[in-house]
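If you're matching positions, the sequence shown starts at 138 in the numbering used here and goes up one per residue.
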Amino acid sequence: AEEKLRKADGRRRALEVQVAEAEEKLRKEEERRRALEVQATAESGASGKAREAEEKLRKEEERRRALEEQVAEAEEKLRKEEERRRALEVQATAESGASGKAREAEEKLRKADGRRRALEVQVAEAEE
138 AEEKLRKADG RRRALEVQVA EAEEKLRKEE ERRRALEVQA TAESGASGKA
188 REAEEKLRKE EERRRALEEQ VAEAEEKLRK EEERRRALEV QATAESGASG
238 KAREAEEKLR KADGRRRALE VQVAEAEE
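Structure follows, in structure tokens:
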């Protein structure tokens, strides 16, 4: 009976050691899990900020493209207006003999100059 009791005590002590080892492993695993949760939270925050930055960059690129289109359109209008002005200058020169026609052509030329200046302002604003 004493031998059985001694063996039972030995088994109990071995089981206590196993329980203590298992508890230690469990404690370490819990610490590891908590560390991974902290890391995952930090990484998800960083990736969220990265997504926000990428979205801002994409929107800024869209705005830049739209402004480039505005500049190109304003420059095209200016080019056409300058062609029209040159044609009016030629017409004014040709019609300078007839005073009424000359005044008409000069008035058209003055208006064309006003439109050209307005378009130059638009181009400058669009380029800014």
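We treat Cβ as the ideally placed atom computed from N, Cα and C, and that holds for glycine.
Note on geometry: alpha-carbon atoms of R171 and L163 lie some 12 Å from one another.
Counting of Cβ neighbours within 10 angstroms places V260 among the buried residues, the total reaching 16 or more. Here A145 is exposed. Its C-beta has fewer than 16 other C-beta atoms within 10 Å. Nearest Cα to A249 within the set R216, K238, E206, R200: R216. Annotated three-state conformation of E244 is helix, per DSSP.
For E139, the enclosing alpha helix (DSSP H) covers residues 139 to 231. By the neighbour-count criterion, in which a residue is buried when 16 or more other Cβ atoms sit within 10 angstroms of its Cβ, L256 is buried. Between A229 and L246 a beta carbon distance of about 6 Å is seen, short of the 8 Å cut, so the two are scored as contacting.
If you draw a straight line from the Cα of R143 to the Cα of L152, it comes to about 14 Å. Beyond the five residues adjoining it in sequence on each side, R221 comes within less than 7 Å, by CB distance, of A249 in the same chain, given in chain order.
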